[in-house]
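Below you'll find the structure, written out as structure tokens, and then a few comments.
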Amino acid sequence: MKISDRLNIPDHEIEFSAIRAQGAGGQNVNKVSTAIHLRFDIDASSLPDSCKRRLLDLNDQRISKDGVIIVKAQKYRSQEKNKEEAINRLMELIQIASTIKKKRIKTKPRASATRKRLDKKTQRGQTKSLRGKIL
2 MKISDRLNIP DHEIEFSAIR AQGAGGQNVN KVSTAIHLRF DIDASSLPDS
52 CKRRLLDLND QRISKDGVII VKAQKYRSQE KNKEEAINRL MELIQIASTI
102 KKKRIKTKPR ASATRKRLDK KTQRGQTKSL RGKIL
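Printed below as a string of structure tokens:
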């Protein structure tokens, strides 16, 4: 499975199991196992260590305490479509973890901006002081 130009996941690292879907659907739901459980072990995967670390640091309910991503797909009535949906969700999760956030560079306001702010402040104070009672 290709995630990006640099990231590939071999198919043997992803485990699929078919289960019965929940909810309404008549006899089809009771007879056919169309929902898919996808399991992906982060620690045993071939992902780079930095990507593994960011995946484990994500605050996502699909990642268990053991470091296993569990995705349940039951949106469609066929196993194939649900399998594609589960794979797409896994790819999204890994893409989120593989992107490196740009570090913010602290900046100072320009001297003219600070001067303007202080001038406006003194002007506003003078306007308010003129509103007082005349003695």
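All letters in the sequence shown, in the order written, are residues 2 to 136 by the working numbering.
Every residue gets a Cβ at the ideal spot worked out from N, C-alpha and C, and that includes glycine.
DSSP places Asp-42 inside the beta strand (DSSP E), whose first and last residues are 36-42. Classified as buried, Thr-35 has 16 or more neighbouring CB atoms from the shown chains inside 10 Å of its CB.
For the 8 Å CB-CB criterion, Lys-84 and Phe-17 form a contact. With at least 16 other beta carbons inside 10 angstroms of its own, Leu-48 counts as buried. Ile-64 is bridged by DSSP to Ile-70. Around Ile-43, the same chain offers Lys-53, Leu-56, Leu-57, Ile-64, Gly-68, Val-69 and Ile-70 as residues with beta carbons nearer than 8 Å, after the five sequence neighbours per side are excluded. Take the alpha-carbon of Arg-125 and the one of Thr-115: they are about 15 Å apart. Spanning the alpha carbons of Gln-75 and Ile-4 requires a straight line of approximately 22 Å.
Taking all protein chains shown into account, Leu-136 has fewer than 16 neighbouring C-beta atoms within 10 Å of its C-beta and is therefore exposed. In the structure shown, the three-state DSSP call for Ile-15 is strand. Assigned with DSSP and collapsed to three states, Lys-76 falls in coil, not helix or strand.
If you check the CB distance, Ser-46 and Glu-81 do not come in under 8 Å.
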